[in-house]
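> Protein chains in written order, with our numbering: chain C, 234 to 534; chain V, 234 to 534.
(1) So does the segment 401 to 409 of chain V actually touch the segment 378 to 390 of chain V, counting three or more Cβ pairs closer than 8 Å?
(2) Quick one: give me the first and last residue of the alpha helix (DSSP H) that residue 400(C) is part of.
(3) 9 Å is my cut-off, CB to CB: does residue 397(V) come that close to chain C?
(4) Between the beta-carbon of residue 260(C) and the beta-carbon of residue 298(C), is there less than 9 Å?
(5) Along chain V, which residues have their Cβ under 8 Å away from the Cβ of residue 419(C)?
(6) What did DSSP end up calling residue 519(C) once you bin it into helix, strand or coil?
(7) Of all the CB atoms in chain V, is at least one closer than 9 Å to the CB of residue 385(C)?
(8) Taking 9 Å as the CB-CB cut-off, is residue 461(V) touching chain C?
(9) Check whether the segment 420 to 427 of chain C touches the segment 384 to 397 of chain C, taking contact to mean three or more Cβ pairs, one atom from each stretch, closer than 8 Å.
(10) Who does residue 329(V) pair with in a DSSP beta bridge?
(11) What did DSSP end up calling residue 373(C) once you bin it into helix, strand or coil?
(12) Quick check: what's the CA-CA separation for residue 302(C) versus residue 497(V)?
(13) Sort out for me which residues DSSP pairs residue 241(V) with in a bridge.
(14) For the pair the segment 480 to 490 of chain C and the segment 456 to 463 of chain C, tell me if three or more CB-CB distances fall below 8 Å.
(15) Rounding to the nearest angstrom, what Cα-Cα distance links residue 327(C) and residue 356(C) in this structure?
(16) Less than 8 Å between the CB atoms is what I'm expecting for residue 338(C) and residue 308(C), so what's the real figure, rounded?
(17) Rank 287(C), 444(C), 305(C) and 275(C) by C-alpha distance to the C-alpha of residue 366(C) and give the top, closest one.
(18) Here's a check: name, in chain order, each residue in its chain whose Cβ is nearer than 6 Å to the Cβ of residue 416(V), leaving out the five neighbours to either side.
(19) Three Cβ pairs or more, each shorter than 8 Å: is that satisfied between the segment 505 to 516 of chain C and the segment 429 to 438 of chain V?
(20) Under 9 Å between C-beta atoms, does residue 490(C) make it to chain V?
(21) Buried or exposed: residue 441(C), going by 16 or more other Cβ atoms within 10 Å of its Cβ?
(22) Quick one, which of 323(V), 241(V) and 453(V) has its alpha-carbon nearest residue 296(V)'s?
(23) Assuming contact is defined by CB atoms lying nearer than 9 Å, are residue 437(C) and residue 354(V) in contact in what I supplied?
(24) Please look up how many angstroms separate the CB atoms of residue 364(V) and residue 425(V), rounded, as I've assumed it's under 8 Å.
(25) To test your reading of the DSSP string, which unbroken beta strand (DSSP E) runs of 3 or more residues are found completely within the segment 403 to 434 of chain C?
(26) At which residues does the beta strand (DSSP E) containing residue 353(V) begin and terminate?
(27) In whole angstroms, give me the CA-to-CA distance for residue 494(V) and residue 474(C).
(28) At which residues does the alpha helix (DSSP H) containing residue 455(V) begin and terminate?
(29) Ends of the alpha helix (DSSP H) at residue 344(V)?
(30) Short check: CB of residue 247(C) to CB of residue 300(C), under 9 Å?
(31) What number of angstroms, rounded off, separates the C-alpha of residue 369(V) from the C-alpha of residue 277(V)?
(32) For a cutoff of 9 Å on Cβ pairs, would you count residue 357(V) as touching chain C?
(33) With a threshold of 9 Å between beta carbons, is residue 424(C) in contact with chain V?
(34) I'd like to confirm something about residue 504(V): is its beta-carbon nearer than 8 Å to some heavy atom of the ligand GDP, or not?
(35) Out of curiosity, what's the CA-to-CA distance linking residue 523(V) and residue 398(V)?
(36) What did DSSP end up calling residue 382(V) once you bin it into helix, strand or coil?
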């Protein structure tokens, strides 16, 4: 049980964490800060936070748990703004989708408080950002990756694990480097490709006619293209090297497929498609929340 | 009401059509043929067909409605095999995902029977192929694109429209060329990209570790990669020129995004992502079946 959560950033991720913590009876009081006064007000009206703090620093004052839920590019400035009032036993976490940059920011900005910081990435979200969509159930059944540093206090790491587990998440640990390489592959590059696919259509005069004909396959393939532009700008830039490296792998695979189409070599093409199809069919799906099927095989065309 | 459906190909698409037609009370008898004896037997056991025909030709004998539901590459041979017993008033349709090649095959093979042929592409399917997954509701709420030729008998076109409408589908007409350009964009290229994305991961030694970390965004982005390899080999080859042209549009859009990541130019990157995000958010979704939401905005990461 925490006395006070200091919540910096009251959007979807931070707001959902506060609601989930309250519902689980794990916190007495949530003091929130957002650089947007209207967001802060709506967060209080929705019961996401109990008290509006006039600054990030004051949200942290007296908190034994701090969640930094700001765009990753704002992490370092936030750490600098709050470090003077972080208590000696306060657990500090973030929710950023990239970890190498967050860890580097923490090393530069948190100084003495580095052992209390446990970098966290909950694999959850919605395309619909904002405190209006904050949801106490957002983290239930999801994975949370913690990327502790050599300096991280083992007791704080255990506490971080316990908090996320209490919210219904499954916790994994890995290094920030391994995290960023893996998520470049299975999340950041897919987003980049989905953005490119939408832009490629938009660039054509027939875009509206084409889109009117699209079916469920297109719907699912492009769903992540609707994600928040500023959040994804930050993620792609923060993990730029890994994402560009993964894009090279992707281009090589696309080149191979197109070469067999150009020859054309039906058996070679079928072999490459089968490789993809079998790999995808074998994939058990995202370790699924209870009650939700691991994967749904539906309308393909 | 049709006396007899001659069904050539008893897989998911053909089997679902037969079941839907029966459920709607629109056919007295279904005579089926499959080049696979075990498929044919299972189709009869499941009640998809009433009579097993020993050849495609004999399935057509006496039929006033013929559905050719074979891989698109097998269409021309099928037309040649059945043309001698197509009746003068028989409506012939296919269900191929490409239309330029099917129409060319029909022109070469159907000869006098060309006016009775109405090329059809129901925008429906599942990753799970086979008569086991045939479903009387597969076409309910889906779009069906008809691509009539100048030679097509208007009465047969009206009848084709009436049949699909009776099965709950919404019918659209367009030229085979327009069809193939549009579906290269919103279906065939997305499949090619999803195949490439899976193969790019599989080519890396860390593939298994990466895949274990993937979440719901990856699940939806790659869903279509699980599609049937031989069906998609045929589609990609049949519509090769349009797909490769669309791939060039896609590569240009990807190049533009990566250029802004490399500079790096946060505002230019955000602008390109916003363009994609707004276009996808504006898209109303596949004209949705009753009772199914037009689009679902869920876990994005």
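Glycine included, each C-beta is placed from N, C-alpha and C at the ideal position. Computed from a predicted structure; not experimentally measured.
This is what the structure gives:
(1) yes
(2) Neither: residue 400(C) is in no alpha helix (DSSP H) and is coded neither H nor E.
(3) Closer than 9 Å: no.
(4) yes
(5) When 8 Å is used as the limit between beta carbons, residue 419(C) is near these residues of chain V: 434, 443, 444, 446, 447, 448 and 451, in chain order.
(6) coil
(7) no
(8) yes
(9) Contact fails: fewer than three Cβ-Cβ distances are below 8 Å.
(10) Per DSSP, none; premise fails for residue 329(V).
(11) DSSP, read as helix, strand or coil, puts residue 373(C) in coil.
(12) 24 Å
(13) 266(V) and 301(V)
(14) no
(15) 13 Å
(16) 5 Å
(17) With distances taken between Cα atoms, residue 366(C) lies closest to 275(C).
(18) none
(19) yes
(20) yes
(21) exposed
(22) 323(V)
(23) no
(24) Rounded, the Cβ-Cβ distance is 27 Å, inconsistent with contact.
(25) The qualifying runs are 403 to 406.
(26) Residue 353(V) -> beta strand (DSSP E) spans 353 to 355.
(27) 9 Å
(28) 449 to 455
(29) Neither: residue 344(V) is in no alpha helix (DSSP H) and is coded neither H nor E.
(30) yes
(31) Looking at the two C-alpha atoms, the distance is approximately 15 Å.
(32) yes
(33) yes
(34) With respect to small molecules bound, the structure shown includes none, and the ligand GDP cannot be examined in it.
(35) For residue 523(V), the predicted structure reports a pLDDT of 38, less than 50, and the residue's modelled location is therefore unreliable. A value from the coordinates is still provided. Near 14 Å, if we compare the C-alpha coordinates of residue 398(V) and residue 523(V).
(36) coil
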